[in-house]
Amino acid sequence: MRGDIRDFFKRVALAYGLVVLLLLLTNAGGIAAGRFPDPDDALRLVELRDWLGGQGWFDVTQHRIDPAHGGVAMHWSRIVDVPLAAVVLVLRPLLGGQGAEMAAMLVVPMVTLAVVMVLVARVAWERLGAEAATLSCLTLAMSVPVVTQIRPMRIDHHGWQVAAAMLALQGLMTRHARIGGWISGAALAIGLSISLEGLPLTAVFGALGAWRWLRPMRSTGPARAALERLQVADASAPLPPAKNVGETKYWLAHFATALAVVSLACFAATRWGDWAQHCDAVAPVHLAMFVWAAVVLRVWRGPALVGFAITGAGALALYFGLAPQCRGGSFNMLDPLVQRLWYQQVAEGLPVWRQDWATALQTVVPPLFALFACVGLIRRSAGEERVWWQEYTLILGGALGVAVLVTRAGAVAGAFSAVPLAWLVGEWLVLARQGRPVALLGIVAAMVPSAPITLWAMVPHPASSPAPATARQVSACEARRHAAVLNAMPQGTVLAPLDIGPDLLLGSRDSVLATGHHRGARGMHDAIAAFVSPPDAAQAIVRANHIAYVALCPDLGEPQIYAREAPHGLAADLLAGRVPSWLAPVRAQGEGLRIWRVR
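According to our numbering, the stretch in the sequence shown is residues 725 to 1323, in order.
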């Protein structure tokens, strides 16, 4: 049963207010300490400061990373900087620079959450009714992958990718295929301009468009006639939008056209002049592929499968012909040392089977329950409603497949799962009220599958049975605050582990040799090589890169990795207190940030 639009927004607002309050309370410690969830968030703030400080709109180079070699041209998009800059510019006269930045780091992620929550609730409202809309907001908030990417201080691009994916889903619900195709295509084009990580999901939507082309939906039928009669009797009953059978099969053509046109517009607006064939951001080769697909799908009137084959073959020919270097993937510039000691250590970019049990369960189990719910919804539906849930199953299954291969993509799968999970939770709550409390166990299993691991970790265990790790260690280093000691010394370049590089850039005027961002592969190699080399060899790398200072946080994992890799390397020696003669301590006390000056 549905009410009017005011009831919809009231329900969403109440759920949103509760979720925001909980997020602020659970993240209060990190907010008070100014601690970012991820180094990417810190570097995003550096990029924002550079832009507001006068760096050009089209210049996204980080000039203080590997400055001896011209800086690092980032693959990030200015689109994500715009809402942050808007908040800072509006509030800076009232709160000052730091206050406005803190406000932006709280407001923008919560605005992102509001966008995602409204889009999720709209799907549930239209398809399942008012109660499901409320439950979908709560199931969304209980998705660990989602709140990992959309929470206070999380200002990097992943939250906006989820919003773009949910907007693309709205295009599948729109009454007219032309409008729906343009909504989905435009949303994913913006998502791709933010990050090319959205390319696999774009392929999933394209596959669904092909399925629509091959299996046009009927615009009328007994099931819809029955629903129309029901709506006459009860105006609040959800009614699937009618599809124009003449347009539905060409949804894919409209989708491809929007993808090409909006991608061209975003490229012109944010990357004009960068004509290199990048493998990690939308480049001319990708634009050529999108335009090719749009032209073929709009003019082709022959057998559908032949048209799809021509589209795919032409796109692949363009990709491998214009950008043959991309056959090795987006991280093809990384040498084996960086691959092994950095890339293979970044958990969120690895497949699910490389994660700890808690992360793997939270990523995979809720979408699997959601797919189970989709099957139930398909069985109980008929006509167009049945087709809709079949399409939803395909989209959700594709998103889950992407998340299995790249764990950070689990946020999109988690958002897509919220709607069918809301229906499933609602059904189980009815069973629980009917005296079947076992249904509550089903709710816990679907929403918090890692609960047994968390509870097990809270119980004291003998030393021989260590509890499994369920969260990252919180460092006492505070590199951003302690780096201010460098401001009293001559400006220079710091050799530091990759993960604390952005904090050092924020807390000081100095530069760093490298951060954990793959386009700086040259500096990354030298930074890692210096830490795993014996002190004499490390000194040669330091001299070659004009390094003025060396810094590290002893309680973080990255220096420990280097020490295990090379027990007699520079990192191991510094952690053990064996300081080579060519370094003089600047700040070396306790577990905080340790800094040495190169003599």
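Heads up, the beta-carbon is just placed ideally off N, CA and C, and yes, glycines get one too.
Environment of H799 [buried if 16+ CB atoms lie within 10 Å]: By the neighbour-count criterion, in which a residue is buried when 16 or more other Cβ atoms sit within 10 angstroms of its Cβ, H799 is buried.
Given L988 as reference, the closest of A827, R1110, H1010 once Cα atoms are compared: When only C-alpha atoms are compared, the closest one is H1010.
Beta-carbon proximity check, V1015 vs G1038, cutoff 8 Å: The Cβ atoms of V1015 and G1038 do not sit closer than 8 Å to each other.
Spatial distance of R902 from W975 (CA atoms): Distance between the alpha carbons of R902 and W975 is about 6 Å.
Same chain, Cβ closer than 6 Å to A766, five either side skipped, listed in chain order: Excluding residues within five positions, the ones whose Cβ falls inside 6 Å are F760, P1226, D1227, L1230.
Beta-carbon gap between H1270 and A797 smaller than 8 Å: Not a contact, by the Cβ cut-off of 8 Å.
Same chain only: Cβ atoms within 6 Å of S1174, ignoring 5 sequence neighbours per side: Cβ neighbours of S1174 beyond the five flanking positions: A1082, L1085, Q1086.
Beta-carbon separation (whole angstroms), H787 vs G777, contact threshold 8 Å: Contact between H787 and G777 fails: their C-beta atoms lie close to 11 Å from each other, not under 8 Å.
Distance, V835 Cα to W884 Cα: Between the alpha carbons of W884 and V835 lies a distance of about 10 Å.
C-beta contact flag for P1221 and L1276 at 8 Å: P1221 places its beta carbon less than 8 Å from that of L1276.
8 Å Cβ cutoff met for L1317 and H1206: Yes. Within cutoff.
Counterpart residues of I1319 in DSSP-defined beta bridges: Under DSSP, I1319 takes part in a beta bridge, and its partners are A1275, R1311.
One or two residues paired with L1065 in a DSSP bridge: Partner(s): none; L1065 has no beta bridge.
A1000 vs A1007 beta-carbon contact at 8 Å: With contacts defined by Cβ atoms closer than 8 Å, A1000 and A1007 form a contacting pair.
G754 versus V743: straight-line alpha-carbon distance, rounded: Those two C-alpha atoms are separated by around 17 Å.
Paired residues, beta bridge with I789 - DSSP: Under the DSSP definition of a beta bridge, I789 partners with V1236.
Burial state of L738 (16 or more Cβ within 10 Å): Exposed.
Validate contact between the segment 1096-1103 and the segment 1136-1153 using beta carbons, cut 8 Å, 3 pairs: Yes, since at least three Cβ pairs between the segment 1096-1103 and the segment 1136-1153 fall closer than 8 Å, the two stretches touch.
Between the CA atoms of G1073 and L1129 - distance to the nearest angstrom: Using only the alpha carbons, I get a separation of about 8 Å.
The beta strand (DSSP E) enclosing T1217, as first and last residue numbers: Where T1217 is concerned, the enclosing beta strand (DSSP E) stretches over 1217-1219.
Inter-residue spacing [alpha-carbon to alpha-carbon] between S860 and M841: When rounded, the distance between both Cα atoms is 8 Å.
contact_flag[the segment 1132-1141, the segment 881-898] where n(CB pairs < 8 Å) is 3 or more: By the criterion of at least three beta-carbon pairs nearer than 8 Å, the segment 1132-1141 is in contact with the segment 881-898.
Cα-Cα separation, G1293 to V871: If I take the Cα positions, the gap works out to 39 Å.
Local conformation of A1000 per DSSP, three classes: It is coil, neither helix nor strand.
For A797, three-class secondary structure by DSSP: A797: strand per DSSP, three-state reduction.
At least 3 beta-carbon pairs within less than 8 Å: the segment 1257-1270 vs the segment 819-828: No: the two stretches stay apart, fewer than three of their Cβ pairs being nearer than 8 Å.
Given 8 Å, three or more beta-carbon pairs between the segment 915-926 and the segment 1121-1128: The answer is yes - the segment 1121-1128 touches the segment 915-926, with three or more Cβ pairs under 8 Å.
First and last residue of the uninterrupted alpha helix (DSSP H) at P833: Looking at the DSSP string, the run of the alpha helix (DSSP H) that includes P833 is 805-852.
Contacting residues, own chain, Cβ-Cβ under 6 Å from E952 (five flanking each side not counted): A caution first: E952 carries a pLDDT of 39, below 50, which makes its placement in the model too unreliable to give a value.
Cβ neighbour criterion (16 or more within 10 Å) applied to F929: Taking all protein chains shown into account, F929 has 16 or more neighbouring C-beta atoms within 10 Å of its C-beta and is therefore buried.
Test item: CB-CB of P833 and R875 under 8 Å: A contact, by the Cβ cut-off of 8 Å.
Simplified DSSP assignment, three categories, for I1119: DSSP, read as helix, strand or coil, puts I1119 in helix.
Sub-8 Å separation of V1303 and R1321 beta-carbons: No, they are not a contact pair.
The alpha helix (DSSP H) enclosing M877, as first and last residue numbers: Element bounds for M877: n/a, residue is neither H nor E.
Contacts around V1062, its chain only, beta-carbon distance under 7 Å, and the 5 residues preceding and following it disregarded: Only A1245, M1248, H1249, I1252 meet the Cβ criterion.
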